[in-house]
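When we follow our numbering, the leftmost residue of the sequence shown carries the number 729, and every step to the right adds one. Virtual Cβ for every residue (Gly too), placed ideally from N, Cα, C. Everything below concerns the one structure shown next.
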Amino acid sequence: MKIRKQLQLTIFSAVVGLISAASMVHVFIQPLDELARSREGTPFFTPPVLNPDTGEAIELDTLIGHYKSEG
């Protein structure tokens, strides 16, 4: 009986490992839309951020562009 339980655990572990590996390969081959990045390197789906000068909500790329152009 102990051998049967050990075999079940081995098969279950192998299946979980294969599913995990297949998921990682899928994400690397066909990235999710949520992982896409702009040319500034920021994720596309980011919430608006507060402008430290005015306190208004602006896009993160706008804020990064503002500070990069001053640089």
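Worksheet item: By Cβ distance below 6 Å, which residues in the same chain neighbour Ile-757 in space, the five residues on each side in sequence not counted?
Response: Start at 1 with the first residue of the sequence shown, and residue 757 comes out as number 29. Within the same chain, Ile-757 has no close Cβ partners at all.
Worksheet entry | Whole-angstrom distance between Ser-751 and Ser-797, CA atom to CA atom | Within the sequence shown, numbered from 1, the residue matching residue 797 stands at position 69. Within the sequence shown, numbered from 1, the residue matching residue 751 stands at position 23. Separation of Ser-797 and Ser-751 (C-alpha to C-alpha, rounded to the nearest whole angstrom) is 40 Å.
Practice prompt. Pull up the distance between the alpha-carbon of Lys-730 and that of Phe-740, whole angstroms please.
Written response: For the purposes of this step, residue 730 is taken as the residue at position 2 of the sequence shown. For the purposes of this step, residue 740 is taken as the residue at position 12 of the sequence shown. Distance between the alpha carbons of Lys-730 and Phe-740 is about 15 Å.
Discussion item. My parser needs the beta strand (DSSP E) runs of 3 or more residues fully inside the region 735 to 768; what are they?
Written reply: As far as the region 735 to 768 is concerned, it has no whole beta strand (DSSP E) run of at least 3 residues.
Fill in: Beta-carbon proximity of Leu-788 to Thr-774, cut-off 7 Å
As a first step, residue 788 must be located in the sequence shown, where it is residue number 60. As a first step, residue 774 must be located in the sequence shown, where it is residue number 46. Result yes, Cβ atoms of Leu-788 and Thr-774 sit closer than 7 Å.
Worksheet item: Is the beta carbon of Ala-785 sitting closer than 7 Å to the one on Phe-772?
Response: As a first step, residue 785 must be located in the sequence shown, where it is residue number 57. As a first step, residue 772 must be located in the sequence shown, where it is residue number 44. No Cβ-Cβ contact shorter than 7 Å links Ala-785 with Phe-772.
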